[in-house]
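Below is one structure; the comments refer to it alone.
Residue numbers (the numbering used here): 41 to 100.
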């Protein structure tokens, strides 16, 4: 931890290590959660990752 702040809304679409990190977190979460929705799913998820342990499966 180096004190950097990484934000989904700010960093998801920018090229660089912050976006790479967020995309790895998103992909990795799909291994542990039934439902994972990210900023590319829809506008309602533009600023966060939705992690769900519900009855539906999605990694989008």
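Don't be surprised by glycine CBs; every beta carbon is placed ideally from N, CA and C.
Minimum C-alpha distance to residue 86 - residue among 44, 49, 42, 43: Sequence index remark: in the chain shown, residue 86 carries index 46 (1-based). Here the closest residue by C-alpha is 49.
What is the DSSP secondary structure of residue 56, counted as helix, strand or coil? Counted from its first residue, the chain shown places residue 56 at position 16. Three-state result, residue 56: coil.
Distance, Cα to Cα, residue 46 vs residue 65? Residue mapping note: residue 46 aligns to position 6 of the chain shown, counting from 1. Residue mapping note: residue 65 aligns to position 25 of the chain shown, counting from 1. If I take the Cα positions, the gap works out to 12 angstroms.
Distance, Cα to Cα, residue 57 vs residue 94? Counting from 1 along the chain shown, the entry for residue 57 is found at position 17. Counting from 1 along the chain shown, the entry for residue 94 is found at position 54. Each residue's alpha carbon lies about 31 angstroms from the other.
Buried or exposed: residue 52, going by 16 or more other Cβ atoms within 10 Å of its Cβ? If you number the chain shown from 1, residue 52 lands on position 12. Its Cβ being crowded by 16 or more others within 10 Å, residue 52 is buried.
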